[in-house]
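Asker: Got a structure here, written out as structure tokens. Questions coming.
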Amino acid sequence: MMNFLHISYPVWKTIAQANTFPFYHKVDGSDSIVAFTGDRAMVYRTYAIGADYTDWAAAFLADSAVVTELADGQASVYGLSSVAAPVAKDGRRIQIASAIGDDQDVQYTGAGDNIVTGARLVGQDFRSAIEEISLITVDWQFMEWIEITGGRVRNVGSTDGDFYHYDIYAPATTGVSNPGAGAFDKYNLGGPNNMFVPNPTNEGDWDVDIAEKHNANVVFTKAVPVIAKAKDGYFDWDPVTYALTVNATGTGKYYLFDFEVALIRVINKHWMVPGTLDEFLAPAAYAAKKLLPQYIHQMTINKSAEAVSTYLYWELLLGRADTTL
Amino acid sequence: MGKDISKMPTLDAISKIIKETGVKEKYKEKVEKAEKEKAKKQD
Chain G
39 MMNFLHISYP
49 VWKTIAQANT
59 FPFYHKVDGS
69 DSIVAFTGDR
79 AMVYRTYAIG
89 ADYTDWAAAF
99 LADSAVVTEL
109 ADGQASVYGL
119 SSVAAPVAKD
129 GRRIQIASAI
139 GDDQDVQYTG
149 AGDNIVTGAR
159 LVGQDFRSAI
169 EEISLITVDW
179 QFMEWIEITG
189 GRVRNVGSTD
199 GDFYHYDIYA
209 PATTGVSNPG
219 AGAFDKYNLG
229 GPNNMFVPNP
239 TNEGDWDVDI
249 AEKHNANVVF
259 TKAVPVIAKA
269 KDGYFDWDPV
279 TYALTVNATG
289 TGKYYLFDFE
299 VALIRVINKH
309 WMVPGTLDEF
319 LAPAAYAAKK
329 LLPQYIHQMT
339 INKSAEAVST
349 YLYWELLLGR
359 ADTTL
Chain L
12 MGKDISKMPT
22 LDAISKIIKE
32 TGVKEKYKEK
42 VEKAEKEKAK
52 KQD
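Next comes the structure, spelled out in structure tokens:
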């Protein structure tokens with residue numbers, strides 16, 4: 039594991055100074071503009087440093103004086119986040135098992151994939167702005183299964199009471215009525231909600247095309263496998279071929295439903311610090327779950343007061359098989 | 012506007028309903044019935 043300190047903090051510069059910096063994040067001690075206020079711009083200075091932390095310390099001490107000076111009146115709350123390699127009392131590095139499998143590469147991404155055109159990495163951007171008291175949502179998907187192991191969130195212009203959620207849900211699977219000759223039955227789970235279960239004699243009332251792709255540009259199916267935690271599902275799904283198959287013994291890892299299912303609330307009511315904050319969502323050493331490409335990711339941003347616009351930017355640290363266009 | 016996820020059933024709630032409604036048992040009955048009928052036809 040690489041020994042590193044990744045630190046990011048805001049400094050205020052004049053617009054003229056800020057305009058000389060590129061509008062994106064760099065991990066080399068250069069800056070990126072994230073907000074403007076009056077004749078000042080907030081600039082994030084980020085470092086990823088190896089064993090020698092002294093240059094970071096000196097840089098931070100020098101810049102912090104500027105932050106303190108401008109905090110009176112127009113500067114927002116400033117944030118300080120870091121992900122440091124853990125070290126034991128005797129100074130030895132603690133090794134943390136990677137949550138990402140050997141068949142996955144790591145990627146920080148600020149956008150989803152375009153599943154309509156099949157263009158990876160250039161789908162919905164992970165950014166949003168909200169001006170009035172309301173909530174807005176941003177949805178995205180990926181073209182392959184992914185694992186989420188961490189991320190980064192930046193909020194700018196927030197007021198007290200603003201917050202966001204990050205959810206993942208499974209869309210419904212659509213069946214076609216075929217009374218008495220279908221490959222599947224619908225088992226009612228209450229109200230309008232039903233589960234597709236294979237009919238052992240093909241005398242069911244419903245058909246589901248479990249081989250049909252979502253569209254010609256992607257590998258995943260239109261039918262949406264939903265994780266069966268108790269392994270009592272009637273379908274299996276192959277993470278290599280993305281094929282969905284019937285499990286006639288009822289010991290499959292996936293279900294099919296004709297309704298939408300809330301799968302995971304990745305972030306619940308994360309309160310935004312008033313002003314500006316840059317936060318890392320620390321990579322957790324846990325066995326990340328496979329999130330299928332059929333699943334829809336949704337960020338919901340709630341604004342509580344009308345003042346200036348609240349901006350939210352986020353990046354996800356993913357494990358995925360294909361990190362290129 | 013996205014979906015109101017708070018109105019969707021959760022995986023845990025569905026697992027409970029699947030057990031309560033006896034999906035497994037109903038499926039088992041159908042499979043056994045189908046096997047019996049198959050055996051009957053073969054006789």
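From first to last, the protein sequence lines stand for chains G and L. Count the first sequence with the working numbering and you get residues 39 to 363, in order. Count the second sequence with the working numbering and you get residues 12 to 54, in order. Yeah, the Cβ is synthetic: ideal placement off N, Cα and C, and Gly gets one too.
1. Looking at residue 337 of chain G: is its Cβ nearer than 7 Å to the Cβ of residue 176 of chain G?
2. With distances taken between CB atoms, is the gap from residue 263 of chain G to residue 183 of chain G smaller than 7 Å?
3. Measure the alpha-carbon distance for residue 155 of chain G versus residue 202 of chain G and round it to whole angstroms.
4. Could you pull the DSSP bridge partners for residue 185 of chain G from this structure?
5. Does residue 245 of chain G come out as helix, strand or coil in the three-state DSSP assignment?
6. Between the segment 218-229 of chain G and the segment 300-308 of chain G, can you find at least three pairs of beta-carbon atoms closer than 8 Å?
7. Just to confirm, is the Cβ distance from residue 235 of chain G to residue 225 of chain G under 7 Å?
8. What does the alpha-carbon distance come out to for the pair residue 32 of chain L and residue 266 of chain G?
9. What would DSSP say about residue 194 of chain G, mapped onto helix, strand or coil?
10. Can you look up residue 107 of chain G in the DSSP assignment and give me helix, strand or coil?
11. Within 8 Å, do at least three Cβ pairs link the segment 187-202 of chain G to the segment 14-22 of chain L?
12. On the DSSP letters alone, give me the boundaries of the alpha helix (DSSP H) that residue 53 of chain L sits inside.
13. First and last residue of the beta strand (DSSP E) that includes residue 208 of chain G?
14. Do residue 207 of chain G and residue 339 of chain G have their beta-carbon atoms positioned less than 7 Å apart in this structure?
15. List, in chain order, every chain L residue whose beta-carbon is nearer than 8 Å to that of residue 260 of chain G.
16. Say whether chain G places a C-beta atom closer than 7 Å to the C-beta of residue 13 of chain L.
17. Pick helix, strand or coil for residue 250 of chain G, following the three-state DSSP scheme.
18. Residue 319 of chain G and residue 161 of chain G look like a contact to me (Cβ under 8 Å); what is the Cβ gap, rounded to whole Å?
19. Assuming residue 291 of chain G and residue 269 of chain G make a contact with CB atoms under 8 Å, what is their CB distance in whole Å?
20. Would you list the residues sitting across from residue 223 of chain G in a DSSP beta bridge?
21. Would you tell me roughly how many angstroms separate the C-alpha atoms of residue 241 of chain G and residue 41 of chain L, rounded to the nearest one?
22. Please name the residue in G:332, G:328 and G:342 whose C-alpha comes closest to that of residue 356 of chain G.
23. With a threshold of 7 Å between beta carbons, is residue 235 of chain G in contact with chain L?
24. Hey, does residue 35 of chain L have any beta-carbon neighbour from chain G nearer than 7 Å?
25. What distance in whole Å lies between the Cβ atoms of residue 180 of chain G and residue 331 of chain G, which are believed to be in contact at a cut-off of 8 Å?
26. State the start and end residues of the unbroken beta strand (DSSP E) segment that holds residue 26 of chain L.
27. Report the residue from G:150, G:316 and G:342 whose alpha carbon sits nearest the alpha carbon of residue 192 of chain G.
28. Expressed to the nearest angstrom, what Euclidean distance is found between the alpha-carbon atoms of residue 274 of chain G and residue 282 of chain G?
29. Starting from residue 45 of chain L, find everything on chain G with Cβ-Cβ shorter than 9 Å and list it in chain order.
30. May I have the straight-line CA-CA distance separating residue 342 of chain G from residue 166 of chain G, to the nearest angstrom?
31. Which residues in the same chain have their Cβ closer than 6 Å to the Cβ of residue 302 of chain G, if we skip the five residues on either side of it in sequence?
32. Grab me the residues of residue 114 of chain G's own chain with a C-beta within less than 6 Å of its C-beta, minus the 5 sequence neighbours each way, in chain order.
33. With residue 33 of chain G and residue 352 of chain G assumed to form a contact (beta carbons below 8 Å), what rounded beta-carbon distance in angstroms separates them?
34. Is residue 215 of chain G helix, strand or coil by DSSP?
35. For residue 362 of chain G, does the count of other Cβ atoms within 10 angstroms reach 16, so buried, or fall short, so exposed?
36. In three-state terms, what does DSSP make of residue 153 of chain G?
Answerer: Quick look at the numbers:
1. As a position in the first sequence, residue 337 of chain G is number 299, starting the count at 1. As a position in the first sequence, residue 176 of chain G is number 138, starting the count at 1. Closer than 7 Å, so yes.
2. As a position in the first sequence, residue 263 of chain G is number 225, starting the count at 1. As a position in the first sequence, residue 183 of chain G is number 145, starting the count at 1. No.
3. What you label residue 155 of chain G is simply residue 117 of the first sequence in a count that begins at 1. What you label residue 202 of chain G is simply residue 164 of the first sequence in a count that begins at 1. If you take the alpha carbons of residue 155 of chain G and residue 202 of chain G, they lie about 29 Å apart.
4. Within the first sequence, residue 185 of chain G is the residue found at index 147, counting from 1. Partner(s): G:357.
5. On the first sequence, position 207 is the one that residue 245 of chain G refers to. Correct three-state label for residue 245 of chain G: strand.
6. no
7. Here residue 235 of chain G corresponds to residue number 197 of the first sequence, with the count starting at 1. Here residue 225 of chain G corresponds to residue number 187 of the first sequence, with the count starting at 1. Yes, the pair counts as a contact, with Cβ atoms nearer than the cut-off.
8. One-based indexing of the second sequence puts residue 32 of chain L at position 21. One-based indexing of the first sequence puts residue 266 of chain G at position 228. Spanning the two alpha carbons is a distance of roughly 16 Å.
9. Mapped onto the first sequence, residue 194 of chain G falls at position 156. Here residue 194 of chain G sits in strand by DSSP.
10. Within the first sequence, numbered from 1, the residue matching residue 107 of chain G stands at position 69. Here the model assigns residue 107 of chain G a pLDDT of 34, short of 50, so the residue's position is not dependable and the matter cannot be decided.
11. no
12. In the second sequence, counting from the first residue as 1, residue 53 of chain L sits at position 42. Residues 34-53.
13. For this step, residue 208 of chain G is matched to residue 170 along the first sequence. Run containing residue 208 of chain G: 201-208, per the beta strand (DSSP E) assignment.
14. As a first step, residue 339 of chain G is located in the first sequence; it is residue number 301 there, counting from the start. As a first step, residue 207 of chain G is located in the first sequence; it is residue number 169 there, counting from the start. No.
15. One-based indexing of the first sequence puts residue 260 of chain G at position 222. Near residue 260 of chain G there are no residues of chain L at all, since even the closest Cβ is about 18 Å away, more than 8 Å.
16. The residue given as residue 13 of chain L occupies position 2 in the second sequence. Yes, its Cβ sits closer than 7 Å to a Cβ of chain G.
17. By one-based count along the first sequence, residue 250 of chain G stands at place 212. Residue 250 of chain G falls in the coil class under three-state DSSP.
18. Translated into the one-based positions of the first sequence, residue 319 of chain G becomes position 281. Translated into the one-based positions of the first sequence, residue 161 of chain G becomes position 123. That belief does not hold up - the Cβ atoms of residue 319 of chain G and residue 161 of chain G are roughly 21 Å apart, past 8 Å.
19. Within the first sequence, the letter at position 253 stands for residue 291 of chain G. Within the first sequence, the letter at position 231 stands for residue 269 of chain G. Their Cβ separation, rounded to whole angstroms, is 6 Å, which keeps residue 291 of chain G and residue 269 of chain G in contact under 8 Å.
20. Sequence index remark: in the first sequence, residue 223 of chain G carries index 185 (1-based). Bridge partners of residue 223 of chain G: G:235.
21. By 1-based counting over the first sequence, the position of residue 241 of chain G is 203. By 1-based counting over the second sequence, the position of residue 41 of chain L is 30. C-alpha separation (whole angstroms): 11 Å.
22. Taking the first residue of the first sequence as 1, we reach residue 356 of chain G at position 318. Measuring from the Cα of residue 356 of chain G, the nearest candidate turns out to be G:328.
23. The residue labelled residue 235 of chain G in the question sits at position 197 within the first sequence. Judged by the 7 Å Cβ criterion, residue 235 of chain G is in contact with chain L.
24. Mapped onto the second sequence, residue 35 of chain L falls at position 24. Yes, contact with chain G.
25. Working through the first sequence from its first residue, we reach residue 331 of chain G at position 293. Working through the first sequence from its first residue, we reach residue 180 of chain G at position 142. The pair is a contact, with the Cβ atoms about 5 Å apart (cut-off 8 Å).
26. What you label residue 26 of chain L is simply residue 15 of the second sequence in a count that begins at 1. Run containing residue 26 of chain L: none in the beta strand (DSSP E); it sits in the alpha helix (DSSP H), 22-31.
27. Residue mapping note: residue 192 of chain G aligns to position 154 of the first sequence, counting from 1. When only C-alpha atoms are compared, the closest one is G:316.
28. Taking the first residue of the first sequence as 1, we reach residue 274 of chain G at position 236. Taking the first residue of the first sequence as 1, we reach residue 282 of chain G at position 244. Their backbone Cα atoms lie some 6 Å apart in a straight line.
29. Taking the second sequence and counting its residues from 1, the one referred to as residue 45 of chain L is at position 34. Residues of chain G passing the Cβ test: 237, 238, 239 and 241.
30. Reading the first sequence from its first residue, position 304 is the one you call residue 342 of chain G. Reading the first sequence from its first residue, position 128 is the one you call residue 166 of chain G. Near 15 Å, if we compare the C-alpha coordinates of residue 166 of chain G and residue 342 of chain G.
31. Translated into the one-based positions of the first sequence, residue 302 of chain G becomes position 264. Taken in chain order, the residues that qualify are 206.
32. Position 76 of the first sequence holds residue 114 of chain G. Unreliable placement is indicated for residue 114 of chain G, whose pLDDT of 29 sits below 50; the coordinate value is still reported in the next sentence. Taken in chain order, the residues that qualify are 313 and 314.
33. A query on residue 33 of chain G cannot be resolved here, the shown segment of chain G reaching from 39 to 363 and no further.
34. One-based indexing of the first sequence puts residue 215 of chain G at position 177. Correct three-state label for residue 215 of chain G: strand.
35. As a first step, residue 362 of chain G must be located in the first sequence, where it is residue number 324. Exposed: under 16 other Cβ atoms inside 10 Å.
36. Walking along the first sequence from the start, residue 153 of chain G turns up at place 115. Looking at residue 153 of chain G - three-state DSSP - the assignment turns out to be coil, as it is neither helix nor strand.
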